[in-house]
Amino acid sequence: MTTKTYLPVRLFMDKFLWAVRIVHQGDHYGRNLCLVHGRTEPMVEFYDTRYLFSDLGQFVSRYNLSTLLDNHPFGHGLCLDGGVPDWTLTDACFGKVQGWLKNLDLMPEKELDHV
């Protein structure tokens, strides 16, 4: 069995610097880290580093990994919050985020249906 170690946070430059955090099963998340992620599929969080509400910045949004990799076209921008125009990742920046996430190979293996 191979154990993989992942850097849970990476910074991406767009109009400003974004902190992107991976939340694995068993990791704490949410306000004051009061919740524990109980599912196998990782979540991905986005923080605006201009506002230091936490160590990573101001929390903006959180998605299941499959939403970003399977359900969103590769390299298209992503609106993280429709009420704040700055909180939209450009096509180029989000393409880099998707590339990083794909390279980490974090998606849990799906069980095969037996016929």
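Residue 271 is where the sequence shown starts when you use the working numbering, and the numbers rise one by one after that.
We put the beta carbon where it would ideally sit given N, CA and C, even for glycine.
Since the model is a prediction, treat every value here as computed from it, not as a measurement.
Problem set entry | Where residue 358 falls: helix, strand or coil (DSSP) | strand
Exercise. What span of residues does the alpha helix (DSSP H) with residue 324 cover, start to end?
Worked result: Counting along the chain, residue 324 falls outside any alpha helix (DSSP H), and DSSP gives it neither H nor E.
Exercise. Mind pulling the alpha helix (DSSP H) runs of 4 or more residues that sit fully within the stretch 276-356?
Worked result: 335-339
Exercise. Would a C-beta distance cut-off of 8 Å place residue 279 and residue 290 closer than the cut-off?
Worked result: yes
Problem set entry | Inter-residue Cα distance where the pair is residue 372 and residue 311 | 14 Å
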